[in-house]
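What follows is a single structure, written as structure tokens, with notes after it.
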Amino acid sequence: MGMPDGWQWDRTLFQGSAAYYERGRLPYAPGFAGTVATALGLDGRGRLLDVGCGPGIVTLPLARYFAEVVGADPDEDMLAEAERRARRRRVSNVRWVAARAEDLPAGLGEFRVVAFAQSFHWTDRDRVAATVLEMLEPHGAFVHISDFKNAPPDPTPLPLPAPPYARIADLVRRYLGPVRRAGQGTLVNGTPGREDLVLARAGFERFERHVVPAGDVVDRTADDLVAWAFSRSDSAPHLFGAGLEDFERDLRAVLREESPDNRFSERLPATEIMIWRKPGGEG
Ligand SMILES: C[S@@+](CC[C@H](N)C(=O)[O-])C[C@H]1O[C@@H](n2cnc3c(N)ncnc32)[C@H](O)[C@@H]1O
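In the numbering used here, the protein residues as written are 54 to 336.
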């Protein structure tokens, strides 16, 4: 299971995305790190490994709950961005390692928690889950963090137009074709789900799930939404080749049609946290 047969990490997957990531993506719910800390009884000791850490969006808020933290990602631009963000926030107990999840354990040692925030689906999941089990302390936790996708629609009107995501997707398809692109290839079957089956197969247990509400409406500018498009693997800048400027021009025209002053409102998604434990040695 996991990615389609023959899939390998491809260095162009998020090529050119790192610079747009923080601006373009909506943040996780503000309480997500506290929820993880409470659920796991974190006390400032132990080590965290954040796999597919990108620019450290989850790594940095979690760092204060651990003695030592490692953020791993194969994309060097993402790691450079993570390092800059860590310096700006004066987070000093983190180091960044260029590695694919499939390269683990990579001599990184033992961890109390291994986290994947919107990154596990990019990996060879069965193989990676089995390795992570080996890397965890007894009773250590596998933590999966993502936007909560199945929230019921909120009928409260937004103060400004909503971002026209369906029209943006149409425009991307017009430039890049009907099948979702990823790196040098395509994702015919979309994003894999059912992490529960993968983790159970690997021997994890004691599943728990938390949905942390975000409860906020944020303003987004046209620049934020252009950054959102370029932060995604399926519309990363490299995919457009010589058409990049034309795409951006057309995208900005769509955004102006929807909101002539280029301002939008959007509800922050809740954050879903799924936790599994490694069984303890002596029961
Ligand atoms: C959607 S981003 C998530 C970044 C960050 N964890 C967050 O939640 O904001 C996915 C990240 O996974 C990384 N990634 C892709 N394939 C990977 C693999 N096989 N092993 C480790 N990381 C991978 C990408 O480089 C990218 O930084």
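Beta carbons are placed, not taken as given, at the ideal position from N, Cα and C, and that holds for glycine.
>> Taking 7 Å as the cut-off, is the C-beta of Leu66 nearer than that to any heavy atom in ligand 1?
In response: Leu66 Cβ: within cutoff of ligand 1.
> What are the uninterrupted segments assigned as alpha helix (DSSP H) that are 4 or more residues long and contained completely in the stretch 71-139, given in chain order?
Replying inline: Taken in chain order, the complete alpha helix (DSSP H) segments of 4 or more residues contained in the stretch 71-139 are 71-77, 85-93, 112-116.
>> Can you tell me whether Gly336 is buried or exposed? The criterion is at least 16 other CB atoms within 10 Å of its CB, across all chains shown.
In response: Confidence in Gly336 is poor, its pLDDT being 47 and thus under 50, which makes the residue's placement unreliable; the coordinate value appears in the next sentence. Residue environment for Gly336: exposed (fewer than 16 other C-beta atoms within 10 angstroms of its C-beta).
>> Tell me the rounded alpha-carbon separation between Trp175 and Phe317.
In response: Rounded to the nearest angstrom, the gap between the Cα atoms of Trp175 and Phe317 is 30 Å.
> Leaving out five residues before and five after Glu325 in sequence, what residues of the same chain have Cβ atoms less than 6 Å from its Cβ?
Replying inline: Within the same chain, and ignoring the five residues on either side of Glu325 in sequence, the residues whose Cβ sits closer than 6 Å to its Cβ are Ser199, Phe201, Val264.
>> Suppose the cutoff is 7 Å on Cβ atoms and the five residues either side in sequence are ignored; what does the same chain contact list for Thr91 look like?
In response: For Thr91, same chain residues with a beta-carbon under 7 Å away, outside a window of 5 residues either side, do not exist.
> Does ligand 1 have a heavy atom nearer than 7 Å to the CB of Ser172?
Replying inline: Ser172 Cβ: within cutoff of ligand 1.
> What residue does the beta strand (DSSP E) around Ala151 start on, and which one ends it?
Replying inline: Per DSSP, Ala151 is one residue of the beta strand (DSSP E) stretching across 147-151.
>> Can you look up Glu187 in the DSSP assignment and give me helix, strand or coil?
In response: Residue state, collapsed to three classes: helix.
>> Between which residues of its own chain and Leu66 is the CB-CB distance below 8 Å, once the five residues before and five after are set aside?
In response: Excluding sequence neighbours, Leu66 sits near Asp128, Trp175, Ala235, Gly236, Ser286, Ala289.
>> Do Leu79 and Pro322 count as a contact pair if the criterion is CB distance below 8 Å?
In response: Taking 8 Å as the Cβ cut-off, Pro322 and Leu79 qualify as a contacting pair.
>> Rounded to the nearest angstrom, what separates Arg320 and Asp269 at their Cα positions?
In response: Roughly 6 Å between the two C-alpha positions.
> If you check the beta carbons only, do Val279 and Val196 fall under 8 Å apart?
Replying inline: Not a contact, by the Cβ cut-off of 8 Å.
>> Does the beta-carbon of Val104, which I'm using as the reference point, lie nearer than 7 Å to any heavy atom of ligand 1?
In response: Closer than 7 Å to some heavy atom of ligand 1: that describes the Cβ of Val104.
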